[in-house]
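The listed protein sequences derive, respectively, from chains A and B. Our numbering applies: residue 1 is where the first sequence begins, and numbers increase by one. Our numbering applies: residue 1 is where the second sequence begins, and numbers increase by one. Here's the structure we're looking at; comments come further down.
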Amino acid sequence: MKLLAFDTSGEACSVALWCDGDVRQRLERVPRRHGELVLAMADGLLAEAGLRLAGLDALAFARGPGSFTGVRIATAVVQGAAFGADLPVVPVSTLAATAHGAFRQQGVRRCLVAIDARMDQVYWGAYRLAADGAPELVGDEAVLAPEAVPVPADADWYGVGSGWQAHRAALHARLAGRLTGELAEVFCEAQDVAHLAADLFAREGGVAAEAALPVYLRDRVTFSR
Amino acid sequence: MRVLGIETSCDETGVAVYDGERGLVANAVYSQVEIHAEYGGVVPELASRDHVRKTLPLVRQVLAEAGLAAGDIDGIAYTAGPGLIGALLVGAALGRSLAWAWGVPALGVHHMEGHLLAPLLEEPAPAFPFVALLVSGGHTQLVDVAGVGRYRILGESLDDAAGEAFDKTAKILELPYPGGPNLARLAERGDPRRYRFPRPMTDRPGLDFSFSGLKTFTLQTLNEELPRAADRAQTRADIARAFEEAVVDTLVIKCRRAVREGGRRRLILAGGVSANRRLRERMGQMMAEEGGEVFYPRLGLCTDNGAMIAFAGWQRLRTGQCEPLAFSPRARWPMTSLPPV
Numbered sequence: 001m002k003l004l005a006f007d008t009s010g011e012a013c014s015v016a017l018w019c020d021g022d023v024r025q026r027l028e029r030v031p032r033r034h035g036e037l038v039l040a041m042a043d044g045l046l047a048e049a050g051l052r053l054a055g056l057d058a059l060a061f062a063r064g065p066g067s068f069t070g071v072r073i074a075t076a077v078v079q080g081a082a083f084g085a086d087l088p089v090v091p092v093s094t095l096a097a098t099a100h101g102a103f104r105q106q107g108v109r110r111c112l113v114a115i116d117a118r119m120d121q122v123y124w125g126a127y128r129l130a131a132d133g134a135p136e137l138v139g140d141e142a143v144l145a146p147e148a149v150p151v152p153a154d155a156d157w158y159g160v161g162s163g164w165q166a167h168r169a170a171l172h173a174r175l176a177g178r179l180t181g182e183l184a185e186v187f188c189e190a191q192d193v194a195h196l197a198a199d200l201f202a203r204e205g206g207v208a209a210e211a212a213l214p215v216y217l218r219d220r221v222t223f224s225r
Numbered sequence: 001m002r003v004l005g006i007e008t009s010c011d012e013t014g015v016a017v018y019d020g021e022r023g024l025v026a027n028a029v030y031s032q033v034e035i036h037a038e039y040g041g042v043v044p045e046l047a048s049r050d051h052v053r054k055t056l057p058l059v060r061q062v063l064a065e066a067g068l069a070a071g072d073i074d075g076i077a078y079t080a081g082p083g084l085i086g087a088l089l090v091g092a093a094l095g096r097s098l099a100w101a102w103g104v105p106a107l108g109v110h111h112m113e114g115h116l117l118a119p120l121l122e123e124p125a126p127a128f129p130f131v132a133l134l135v136s137g138g139h140t141q142l143v144d145v146a147g148v149g150r151y152r153i154l155g156e157s158l159d160d161a162a163g164e165a166f167d168k169t170a171k172i173l174e175l176p177y178p179g180g181p182n183l184a185r186l187a188e189r190g191d192p193r194r195y196r197f198p199r200p201m202t203d204r205p206g207l208d209f210s211f212s213g214l215k216t217f218t219l220q221t222l223n224e225e226l227p228r229a230a231d232r233a234q235t236r237a238d239i240a241r242a243f244e245e246a247v248v249d250t251l252v253i254k255c256r257r258a259v260r261e262g263g264r265r266r267l268i269l270a271g272g273v274s275a276n277r278r279l280r281e282r283m284g285q286m287m288a289e290e291g292g293e294v295f296y297p298r299l300g301l302c303t304d305n306g307a308m309i310a311f312a313g314w315q316r317l318r319t320g321q322c323e324p325l326a327f328s329p330r331a332r333w334p335m336t337s338l339p340p341v
C-alpha cells in the first residue's frame, strides 16, 4: 500500500510517503510558510520514489485539533489532490499521531497528549498504544483547561506534547501520582500520520475528498451579540 | 484554453469556468450571508470554516453543470488576495493542489483585478483604455486602465470604503445585515429633496474619497430629526435617501473629473456597490453628458464570484504566466505591483 500523508497543524510542515511499510519524510519547522513548502515536499517525495500521485492508494492528513488555519491548509491541499487524482482520504487525529510519535521515538505506550490550544486551554487525548504502536483512545478528545483534564484511574503515564511545556505546573499538579515521565518536545509529524493512516485504511478504507474535513474541537469561536 | 476560477477571499465561495472560445461556461456562488447575519458582520474564522466545507462541492457542481471532466481544464486561477488571510488560504491551497494533481498551470489572482476586468465578460465589452471605479465593502478606488496589468491608481478612499460606509450607516439606521443593499432599498422610498448631506472632498481638487464623516452626519441627523418626526418611517427613508445621494453624487463628481482629466471616453463600474441602481443611473447620465459610455457587469458579477477570477486568470495564464508549486496568499496586495500582460 502506498500513501502520502500531510501535516500542517502546528509550527512544522511535513509530508511523508508510505510505501508498504517504508516511510520517507520531509519536515521543516517554519511557522506560516506551510503554503510555500507543502506541495513541493509532496512532489519531491513522489519524484524520488519514481511514483505518480494517481498511482497511490490514498492520501492522509492530520485533521486536527491544532492551529485552525494550519489544519485547514492540509485539509484543502488533500481535498484538491484527492479530488484531482481520484483518491480516497484518511483523516488522522493530530493527538493520536503525536502519541504515535512518542511511541516511535521512545517506545512509550501510555500517553497523555496535551497540545497547547492557547486561551489557557489544551487539546487533550489519553492513548494506550499496542505493541505495534496502534493507539487506542481512552475517553474522548477534548479542549479544556489544564486544571480540568480527566485524571486516569491508574499510574505510569507519560505527558506528551507542547501542552506540557505551556502548562507544565498545572498539568503536573492535576496529574500528581499518575506520571512516569514527560516528552513535551514531541509534536505531530506526517510520518506518524502515515503510520496510523496505513492501518486505518487497511481496516476501514478512506473517505471521499469532500468528506475530508478538519476537527477543531473548539467550536465556540465567536460571541454572539 | 479553459480556466477554473476559485474565489474565497471573504464571505462568498465562488467557482466558475471560463472558456477562451465559449466564454463563461459555468458559474456558481455560495453566499455565507446567513452565517454572519447574527454577528452583524463577517466573522473571519466562521468564513474560513465554511469555505473548507463548500469549495470542493462547488467545484464538483460547476464541472458537472459545464459537462467537463478533469482533462478538460487547462489552468486554475484562485484569489490570492487581498482579503481575509484564513479564507484566502482555503481557496489557494485547494486550487493550487488541484492544479498539481491535474498537472496544469496555476495562478494566484488579485481580487480587485478580478472585479476590474469583470465588465469585459459582458457584450459589448469596453475596449482599453478606460477609467475604472472599484467600489465594494473593502475598496473605493479610481484606476486608469491602459490594459490588463497596466493600472494607475488615480484616487482612493482615505478612510471607509463606500460599501463600508453603506453598511455602517445601515447599522445606524438599524437595518438588518447585510446593510448596504437594505439601505438602498429603504432609500428608494425616501424624498431626495428633504435633506441634503455633504459631498466630502468635492470642494477641492484631487480624486481621493472620504466617507467616514457621512455616517456621523447621518447619526446626528437621525438623532435630531427622529424624536420630532411625525412619520418616523418616512424620516428614516428620507435620511437613507440623503445618504445614498451624497455617496452617489460624490462618486459621480470624482468619476467625471477622472474621465475629463485623463481624456477617457469609457468608464467601468465594478465591485459590490456597482450593483446600486441609483449609482448606475447617475453614472449613465454623467457619461452621456461627457459624450462617453459607462459599462458594468450584470448584478451577479458585481459581488464576489468565481467567474471574474477565472476570467482574470485566463487573461494571464494564456500568455504563459504561472507560478511555482507553492501558494502564499496576501491579506494586503497593491494592484499596481501586478505585471502587465
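Yeah, the Cβ is synthetic: ideal placement off N, Cα and C, and Gly gets one too. A quick note: this is a predicted structure, and the numbers were derived from the prediction, not measured.
The CB of residue 94 of chain A never comes closer than 9 Å to any CB in chain B; the least such distance is about 16 Å. In the three-state reduction of the DSSP assignment, residue 121 of chain A falls in the coil class, being assigned neither a helical nor a strand state. Residue 114 of chain A has A:124 as its beta-bridge partners, per DSSP.
Of all residues in the segment 98-121 of chain B, those with a C-beta nearer than 7 Å to a C-beta of chain A are 98, 100, 101 and 102, reading in chain order.
Under the three-state reduction of DSSP, residue 57 of chain B is assigned to helix. Listed in chain order, the non-local C-beta contacts of residue 26 of chain A below 7 Å within the same chain comprise 14, 15, 41, 44 and 45, local neighbours out to five positions each way being set aside.
Taking every protein chain shown into account, the CB of residue 97 of chain B has 16 or more other CB atoms within 10 angstroms, so this residue is buried. When CB distances to chain B are screened at a threshold of 7 Å, the residues of the segment 64-84 of chain A falling below it are 68, 69, 72, 73, 75, 76, 77, 79, 80, 81, 83 and 84, in chain order. Rounded to whole angstroms, the gap between the alpha carbons of residue 290 of chain B and residue 112 of chain B is 26 Å.
The beta-carbon separation of residue 131 of chain B and residue 144 of chain B, rounded to 6 Å, stays under the 8 Å limit for a contact. Residue-level contact check: residue 94 of chain B touches chain A, since one or more beta carbons of chain A fall below 8 Å from its beta carbon. Contact between residue 305 of chain B and residue 7 of chain B is confirmed by a C-beta separation of about 6 Å, below the 8 Å threshold.
Going by beta carbons, residue 64 of chain A and residue 122 of chain A fall outside the 8 Å limit. Where residue 255 of chain B is concerned, the enclosing alpha helix (DSSP H) starts and stops at 232-262. In terms of CA proximity to residue 270 of chain B, B:137 leads the group B:323, B:244, B:216 and B:137. Residue burial annotation: residue 49 of chain B is buried, with at least 16 other C-beta atoms found within 10 angstroms of its C-beta. Taking the C-beta atoms as reference points, residue 83 of chain B is found nearer than 8 Å to residue 9 of chain B.
Taking CB atoms only, residue 27 of chain A has no neighbour in chain B less than 8 Å away. Cβ-Cβ distances below 7 Å link residue 120 of chain A to 145 in the same chain, with the five nearest sequence neighbours on each side left out; the list follows chain order. With a 10 Å radius around the Cβ and a threshold of 16 neighbouring Cβ atoms, residue 209 of chain B comes out buried.
Taking 8 Å as the CB threshold, residue 180 of chain A stays off the interface with chain B. Proximity of chain A to residue 9 of chain B at the Cβ level (cut-off 7 Å) is not reached, the minimal Cβ distance being about 14 Å. Between residue 287 of chain B and residue 281 of chain B, the C-beta gap is not smaller than 8 Å, which leaves the two residues out of contact.
Contacts with chain B at 8 Å (Cβ-Cβ) include residue 36 of chain A. For residue 196 of chain A against residue 135 of chain A, the beta-carbon gap comes to about 7 Å, under 8 Å, which counts as contact.
Residue 217 of chain A has a beta carbon lying at 8 Å or more from every beta carbon in chain B. Per DSSP, the beta-bridge partners of residue 157 of chain B are B:209. Put simply, the CB of residue 170 of chain B is far from chain A, with every gap to its CB atoms at 8 Å or more. Taking all protein chains in view, the Cβ of residue 340 of chain B is surrounded by fewer than 16 other Cβ atoms within 10 Å, so the residue is classified as exposed. Contact between the segment 92-109 of chain B and the segment 80-98 of chain A is present, with at least three C-beta pairs closer than 8 Å. At a beta-carbon threshold of 8 Å, the residues of chain A lying near residue 89 of chain B are 35, 69, 72, 73 and 76, ordered along the chain.
Residue 197 of chain B counts as buried, since at least 16 other C-beta atoms from the protein chains shown sit within 10 angstroms of its C-beta. At the C-beta level, residue 62 of chain A and residue 94 of chain A come within 8 Å of one another. Identification of chain B residues near residue 53 of chain A by a Cβ-Cβ cut-off of 7 Å yields 101, ordered along the chain. Boundaries of the beta strand (DSSP E) harbouring residue 22 of chain A: 22-29, taken from the DSSP string. Distances from the CA of residue 321 of chain B to each of B:313, B:327 and B:328 were compared; the closest alpha carbon is that of B:313.
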